[in-house]
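I have placed the structure first, in the form of structure tokens, so that the comments after it can refer back to it.
Residue numbers (the numbering used here), protein chains in the order written: chain G, 1 to 166; chain D, 167 to 972.
Put into structure tokens, the structure is as follows:
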């Protein structure tokens with residue numbers, strides 16, 4: 001099948017590649033760019049393991065063609081760390097609050113959560129749960145993911161993290 | 167001592183040993199997208215394989231033509247059963263003693279069965295090839311309803327078994343019958359029922375569902391023709407077993423097979439078995455001489471690899487008028503699908519379902535299980551439970567509630583009345599198990615006090631009265647569940663897989679500077695072994711957990727182990743780790759005695775080293791002993807400091823717990839609200855409370871999914887109607903309730919560190935708690951038992967059937 005030339009910015013770097021028109025963005029990211037932190041869990045836009053940030057929006061890269069991302073600015077889990085190399089507050093929060101187990105949903109969950117916190121820097125528990133409802137986790141039961149995001153929100157906002165009482 | 171000397175507390179804390187909420191080692195890579203899962207692997211020249219699958223549930227395969235597929239650019243091979251026959255691999259043995267088609271041989275027996283394997287340069291080309299393979303089918307009548315499987319005129323599914331009146335587990339009664347398994351004293355039990363004041367009988371179904379980890383099953387096989395070696399990277403919960411199975415069926419010497427389980431994206435039982443994809447990828451690699459990757463998609467995962475449950479349990483309990491149980495009789499119709507590919511220890515065709523007497527002191531019991539074939543996917547894996555234990559717990563916990571209802575007793579009170587008492591342990595159950603330890607009443611009472619059980623019952627009574635007065639359309643249910651699990655398969659006296667005893671193993675090697683590596687025969691799929699195994703070692707030998715690297719999953723380096731499933735890792739491998747550590751400690755003591763110039767018996771252990779009894783300032787730390795082990799060991803002693811332990815457990819472990827679910831249901835819509843869920847778990851010694859809590863949250867969420875809607879459902883033609891996450895209930899953060907966790911600690915008396923295993927308890931105990939809550943809510947309207955799953959529509963239908971819309 002004829003290939004198309006695509007260019008885009010991924011994690012701050014200009015990248016390019018030759019793809020078939022039908023090549024899914026997630027395959028371009030994982031196989032052409034070798035950024036395997038973005039995962040595939042369902043191929044039907046339900047599970048969110050493939051979530052990346054495109055031009056300021058959370059997008060499931062398993063149901064978008066690479067050619068549709070022409071010229072866009074993409075952030076994947078590999079681009080989440082701070083400029084000085086330190087971990088993003090969410091990456092720290094997920095570890096501190098035991099917000100992950102097998103780790104398969106984690107990249108999509110963190111990428112989604114960073115957009116959520118940009119849109120709503122101090123979300124309530126209900127807003128967090130709704131905000132990550134496009135991302136499925138099979139291991140944690142979400143409770144510690146919610147705490148991880150609350151932890152990160154507090155860190156980003158420069159306030160002390162207080163755990164909600166049971 | 168100067169001020170810089172660390173205190174005992176500081177030394178203890180530095181170890182981050184058992185009991186510490188140590189943060190996970192694994193998370194550092196996972197939170198940065200640096201996990202190493204199978205699909206991340208890219209080898210030079212790697213090809214991709216994908217399946218042509220059957221659209222029919224039951225059909226004769228008249229022809230398969232791959233000519234057009236081979237013309238597709240990038241397609242290199244189309245493998246069929248005929249190809250596999252040349253290497254004698256068209257069929258493969260299953261863990262349950264049956265055989266299974268790797269690729270359709272003459273007929274297909276379930277929808278999405280593997281028919282042909284297309285190998286191409288990339289996954290898109292493989293898919294193009296699949297679309298060009300022409301298969302001619304002649305549809306046959308499908309058998310979907312398990313209750314019709316043994317009808318006289320039922321279609322013959324397994325023509326390959328024609329004339330075989332005996333299977334791996336004894337006589338077969340019918341052409342669609344697999345086995346009958348009976349346990350217990352039938353005569354005594356029948357007599358108990360004849361004499362009983364009160365009896366109940368109910369057919370309790372546990373529907374077919376699927377473990378569905380977020381990462382599907384996948385592998386990369388690479389055959390090196392020059393060396394004659396086969397390397398397999400795969401999503402294997404039990405990599406060593408896979409290596410042995412491959413050696414046995416592919417006739418490749420076992421030392422030339424390298425099986426590697428890298429990071430695994432959840433397992434929940436799905437990744438225990440051997441699937442056609444693994445065989446086909448291996449054969450394709452041998453045929454093409456190139457590495458071949460096979461990655462299941464979600465639809466394939468839900469419809470072809472390893473369902474769970476599908477048990478239909480006719481449950482009878484006999485009791486006195488006062489509510490003392492006197493007998494239990496259960497018959498199970500077990501729907502195994504097209505092939506018996508149950509992942510149980512080989513001698514246990516129905517797993518450990520004979521734990522069905524639960525936490526109660528039944529003087530007698532009798533159990534019979536009939537396994538049957540239907541036109542559904544094979545499997546029968548333990549979806550986050552020990553083998554068939556969640557089915558057993560559901561059976562008895564529903565049964566006890568039904569009995570309580572008939573007796574007019576409170577379900578919690580009935581349970582308290584019948585619990586096995588602490589002084590009865592070790593307790594020999596009527597169906598043959600020896601329960602190691604338990605204090606059930608304490609756990610139950612703690613649960614009842616924590617949630618104000620009496621207050622909740624009072625509120626329920628008021629709500630029911632209000633409902634009857636027409637003041638509300640909401641009903642309230644309390645789902646009590648008290649489960650006993652049986653985990654840690656298992657003792658070689660009764661547990662093996664294909665003849666290999668179900669021990670587990672650990673090898674610890676300490677380096678001169680006081681750090682080390684531990685290799686274990688298990689394989690984490692999210693349980694955090696890299697973190698917790700090091701904690702056991704830290705406490706046992708006083709080396710900080712941070713200084714111990716844990717490695718699993720590489721069959722070339724790890725000692726042989728049976729893998730991770732059935733909550734066996736802590737009971738079996740956890741014990742092996744402690745025993746290996748103790749061997750090291752014993753040698754360390756000899757080295758310390760030599761260096762301190764005292765007799766070994768004059769030394770005592772103190773947190774992170776030895777000290778001379780009565781002379782607390784005369785010490786030698788483990789770190790210093792490590793150095794000495796490589797430099798100045800006692801005369802006659804071999805240098806080095808390492809040990810290996812293969813642990814054959816003397817018994818299973820029996821974790822237990824008391825759960826309660828408080829639920830409201832709107833009868834007009836069937837919409838439920840989980841108001842509260844409280845889970846008290848007793849898993850004996852607690853290695854890492856943070857991880858235990860995480861395991862409980864996750865298991866409860868899976869229990870919630872299963873009880874409230876997660877189902878693999880077939881229509882009458884054998885089409886799977888729940889084949890994607892659109893239809894298969896997968897709770898998000900919005901639906902998932904808030905979990906409250908609690909614990910008691912009753913150590914296992916026979917386990918070296920007293921630990922029991924916990925990962926699956928919440929699924930085992932959780933499902934009956936949810937189902938009992940729904941049933942309890944409806945019970946005052948006259949219902950006895952409503953089948954799972956309890957989704958909104960079924961709740962609405964239950965309400966309708968009970969006449970609340972009249």
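Beta carbons: idealized from backbone N, C-alpha and C, even for Gly.
These numbers come from a predicted model, not from an experiment.
Quick check for students: name the residue ranges of the alpha helix (DSSP H) that lie wholly in the stretch 437 to 515 of chain D, counting only runs of 4 or more.
442 to 454 and 464 to 470
Quick one: does residue 82 (chain G) have its CB under 9 Å from some CB of chain D?
Counting from one through the first chain, the residue named residue 82 (chain G) turns up at place 82. By this cut-off, residue 82 (chain G) is not an interface position.
Tell me whether residue 830 (chain D) sits in a helix, a strand or coil according to DSSP, three-state version.
Translated into the one-based positions of the second chain, residue 830 (chain D) becomes position 664. Strand at residue 830 (chain D).
Could you give the distance in angstroms between the alpha-carbon of residue 353 (chain D) and the alpha-carbon of residue 528 (chain D)?
For the purposes of this step, residue 353 (chain D) is identified with residue 187 of the second chain, where counting begins at 1. For the purposes of this step, residue 528 (chain D) is identified with residue 362 of the second chain, where counting begins at 1. When rounded, the distance between both Cα atoms is 15 Å.
9 Å Cβ cutoff, residue 289 (chain D) in contact with chain G:
Taking the first residue of the second chain as 1, we reach residue 289 (chain D) at position 123. So, interface residue.
DSSP state of residue 870 (chain D), grouped into three classes?
Locating residue 870 (chain D) in the second chain gives position 704, where the first residue counts as 1. Reduced to three states, the DSSP call for residue 870 (chain D) is helix.
Could you give the distance in angstroms between the alpha-carbon of residue 9 (chain G) and the alpha-carbon of residue 478 (chain D)?
Residue 9 (chain G) sits at position 9 when you count from the first residue of the first chain. Residue 478 (chain D) sits at position 312 when you count from the first residue of the second chain. Each residue's Cα considered, the two are about 56 Å apart.
Starting from residue 813 (chain D) and walking both ways along the beta strand (DSSP E), at which residues does that stretch end?
For this step, residue 813 (chain D) is matched to residue 647 along the second chain. Run containing residue 813 (chain D): 808 to 813, per the beta strand (DSSP E) assignment.
For the stretch 140 to 161 of chain G, enumerate the residues whose C-beta is nearer than 8 Å to any C-beta of chain D, in chain order.
140, 141, 142, 143, 144, 145 and 146
Can you pull out the residues from the stretch 924 to 944 of chain D whose beta carbon lies closer than 8 Å to at least one beta carbon of chain G?
none
Is it right to say residue 172 (chain D) is buried, meaning 16 or more other beta carbons lie within 10 angstroms of its own, or is it exposed?
Numbered from its first residue, the second chain carries residue 172 (chain D) at position 6. By the 10 Å Cβ count, residue 172 (chain D) comes out exposed.
Taking C-beta to C-beta, are residue 909 (chain D) and residue 606 (chain D) nearer than 9 Å?
Residue mapping note: residue 909 (chain D) aligns to position 743 of the second chain, counting from 1. Residue mapping note: residue 606 (chain D) aligns to position 440 of the second chain, counting from 1. No. Outside cutoff.
Along the stretch 837 to 854 of chain D, where does the CB come closer than 8 Å to a CB of chain G? Name the residues.
none
Could you work out which residues of chain G lie near residue 890 (chain D), taking near to mean beta carbons separated by less than 9 Å?
Residue 890 (chain D) sits at position 724 when you count from the first residue of the second chain. Near residue 890 (chain D) (Cβ distances below 9 Å), the residues of chain G are 42, 43, 44 and 46.
Which chain D residues sit within Cβ distance under 9 Å of residue 50 (chain G)?
As a first step, residue 50 (chain G) must be located in the first chain, where it is residue number 50. Within 9 Å Cβ-Cβ: nothing; residue 50 (chain G) doesn't reach chain D, min ~11 Å.
Of all Cβ atoms in chain G, is any one closer than 9 Å to the Cβ of residue 284 (chain D)?
By 1-based counting over the second chain, the position of residue 284 (chain D) is 118. So, not an interface residue.
CA-to-CA distance, residue 434 (chain D) to residue 924 (chain D), given in whole angstroms
Translated into positions along the second chain, residue 924 (chain D) becomes position 758. Translated into positions along the second chain, residue 434 (chain D) becomes position 268. Using only the alpha carbons, I get a separation of about 13 Å.
Enumerate in chain order the residues of its own chain whose CB-to-CB distance from residue 308 (chain D) is below 7 Å, with the five nearest sequence positions on each side excluded.
Your numbering for residue 308 (chain D) matches position 142 in the second chain. These residues qualify, in order along the chain: 223, 224, 541, 883 and 884.
Measure the C-alpha to C-alpha separation of residue 758 (chain D) and residue 850 (chain D) and round it to an integer number of angstroms.
Along the second chain, read from residue 1 onward, the residue named residue 758 (chain D) stands at position 592. Along the second chain, read from residue 1 onward, the residue named residue 850 (chain D) stands at position 684. About 33 Å.
Give a yes or no on whether the minimum CB-CB distance between residue 163 (chain G) and chain D is below 9 Å.
As a working mapping, residue 163 (chain G) is identified with position 163 in the first chain. Cβ-Cβ to chain D under 9 Å: no for residue 163 (chain G).
Using the Cα positions of residue 593 (chain D) and residue 675 (chain D), report the straight-line distance between them to the nearest angstrom.
Indexing the second chain from 1 puts residue 593 (chain D) at position 427. Indexing the second chain from 1 puts residue 675 (chain D) at position 509. Going by the C-alpha atoms only, they are around 39 Å apart.
Which full runs of the alpha helix (DSSP H) of 4+ residues lie inside the stretch 32 to 119 of chain G, going along the chain?
89 to 96 and 106 to 119
How many Å lie between residue 166 (chain G) and residue 907 (chain D) at the Cα?
The residue given as residue 166 (chain G) occupies position 166 in the first chain. The residue given as residue 907 (chain D) occupies position 741 in the second chain. Low per-residue confidence applies at residue 166 (chain G): pLDDT is 44, beneath 50, and the placement is therefore not dependable, though the value from the model is reported in the following sentence. Answer to the nearest angstrom: the Cα atoms are 10 Å apart.
Tell me whether residue 804 (chain D) is buried or exposed, calling it buried when 16 or more other Cβ atoms sit within 10 Å of its Cβ.
Here residue 804 (chain D) corresponds to residue number 638 of the second chain, with the count starting at 1. Residue 804 (chain D) should be labelled exposed.
Indicate the three-state DSSP secondary structure (helix, strand or coil) for residue 174 (chain D) in the structure shown.
Indexing the second chain from 1 puts residue 174 (chain D) at position 8. Looking at residue 174 (chain D) - three-state DSSP - the assignment turns out to be helix.
Once you ignore the five residues that flank residue 570 (chain D) on each side, which residues in its own chain have a CB closer than 7 Å to its CB?
As a working note, residue 570 (chain D) is residue 404 in the second chain. 576, 577 and 580.
Measure the Cβ-Cβ separation of residue 646 (chain D) and residue 824 (chain D) and say whether it is below 9 Å.
Position 480 of the second chain, counted from the first residue, corresponds to residue 646 (chain D). Position 658 of the second chain, counted from the first residue, corresponds to residue 824 (chain D). Yes, they are a contact pair.
Would you please state the rounded distance, in angstroms, between the beta carbons of residue 417 (chain D) and residue 691 (chain D)? I believe it to be under 8 Å.
For the purposes of this step, residue 417 (chain D) is identified with residue 251 of the second chain, where counting begins at 1. For the purposes of this step, residue 691 (chain D) is identified with residue 525 of the second chain, where counting begins at 1. The Cβ separation is near 30 Å, so there is no contact.
Could you check if residue 637 (chain D) is buried or exposed, using at least 16 other CB atoms within 10 Å of its CB as the buried criterion?
One-based indexing of the second chain puts residue 637 (chain D) at position 471. Exposed is the call here.
For the candidate residues D:682, D:513 and D:717, whose alpha-carbon lies nearest to that of residue 663 (chain D)?
Here residue 663 (chain D) refers to the residue found at position 497 of the second chain. Out of D:682, D:513 and D:717, D:513 has the C-alpha closest to the C-alpha of residue 663 (chain D).
With 9 Å as the threshold, decide whether the Cβ of residue 58 (chain G) is near any Cβ in chain D.
The residue labelled residue 58 (chain G) in the question sits at position 58 within the first chain. Not an interface residue.
Going along chain D in order, which residues have a C-beta closer than 7 Å to the C-beta of residue 29 (chain G)?
Here residue 29 (chain G) is taken as the residue at index 29 of the first chain, counted from 1. Here the premise fails: no neighbours, minimum Cβ distance about 11 Å.
Taking DSSP as the reference, what is the three-state secondary structure of residue 993 (chain D)?
Because residue 993 (chain D) is not part of the residues shown, which for chain D are 167 to 972, the question remains open.
Is it buried or exposed, residue 928 (chain D), if we count other Cβ atoms within 10 angstroms and call 16 or more buried?
The sequence position of residue 928 (chain D) within the second chain is 762, counting from 1. Residue 928 (chain D) should be labelled buried.
Using 9 Å as the limit for Cβ to Cβ distance, is residue 427 (chain D) near chain G?
To locate residue 427 (chain D), count along the second chain from 1; it is residue 261. No - not a single Cβ of chain G is within 9 Å of the one on residue 427 (chain D).
Any Cβ of chain G within less than 9 Å of the Cβ of residue 866 (chain D)?
Along the second chain, one-based indexing puts residue 866 (chain D) at 700. It does: the Cβ of residue 866 (chain D) has a partner Cβ on chain G nearer than 9 Å.
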